[in-house]
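Residue numbers (the numbering used here): 1319 to 1478.
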């Protein structure tokens, strides 16, 4: 844990998933900005690597929410994710099993959990902004509707 939580304040969880890894930062808002409380990261397992990026994001959300439960302890939690996780679990064509989808639905139905779709503007700090109306972003529903296995696009350059 990076800081001591104040249970009178709302918690914010910023999630990021990329080609092979997923990570999240649990924060609380203070007068001078967001104060980090915990950082979570892990590599995707070989099974999850075969799924669509939107489905990977859903796994990242599940991982980070599960890990932050010990700190948040049922308090209000606003989750910021780059993908529309609700659209992913509502698709009829998906590479996820019914068991996984059921587990994700249960996790997303927590009454204290609010999900906001966003862009990650700085992966180092995970500070995010809300999606503006009319803004072009990844269409998770369209992505998973295809129903076929995806091909990984490996970036030609890796940014530091």
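In this text, a Cβ means the ideal position worked out from N, Cα and C, and glycines have one as well.
So, at 7 Å on beta carbons, what are the nonlocal neighbours of residue 1382 in its own chain, with the 5 sequence-adjacent residues on each side left out? 1331, 1333, 1342 and 1358
Are at least three pairs of beta-carbons, each pair with one atom in the segment 1320–1329 and one in the segment 1349–1356, less than 8 Å apart? yes
What is the DSSP secondary structure of residue 1416, reduced to helix, strand or coil? Helix at residue 1416.
Which two residues bound the contiguous alpha helix (DSSP H) that contains residue 1376? 1371–1390
Roughly how many angstroms separate the alpha carbons of residue 1401 and residue 1432, rounded to a whole number? Rounded to the nearest whole angstrom, the C-alpha separation of residue 1401 and residue 1432 is 14 Å.
Cutting at 8 Å between CB atoms, please list the residues of its own chain near residue 1324, excluding the five before and the five after it. 1346
Run the CB neighbour count on residue 1366, radius 10 Å, all protein chains shown included, and call it buried at 16 or more, exposed below. Here residue 1366 is buried: its Cβ has 16 or more other Cβ atoms, across all protein chains shown, within 10 Å.
Considering only their Cβ atoms, is the gap separating residue 1395 from residue 1386 smaller than 9 Å? Yes.
Rank 1391, 1416, 1419 and 1405 by C-alpha distance to the C-alpha of residue 1429 and give the top, closest one. 1391
Beta-carbon separation of residue 1426 and residue 1379 under 9 Å? yes
Hey, how far is the Cα of residue 1349 from the Cα of residue 1397? 20 Å
Exposed or buried, residue 1442, counting other C-beta atoms within 10 Å across all chains shown (16 or more means buried)? With a pLDDT of 48 at residue 1442, under the threshold of 50, the modelled position of that residue is not reliable, and the figure given next carries that caveat. Exposed: under 16 other Cβ atoms inside 10 Å.
Below 8 Å CB to CB, which residues in the same chain sit around residue 1399 once its five sequence neighbours on both sides are set aside? 1333, 1375, 1378, 1379, 1433, 1434, 1435 and 1436
What does a CB cutoff of less than 6 Å around residue 1403 pick up in its chain, not counting 5 residues either side in sequence? 1376 and 1379
For residue 1405 and residue 1361, what's the separation of their Cα atoms in angstroms? So the two alpha carbons sit approximately 24 Å from each other.
Could you give the first and the last residue of the continuous beta strand (DSSP E) run that contains residue 1340? 1339–1348
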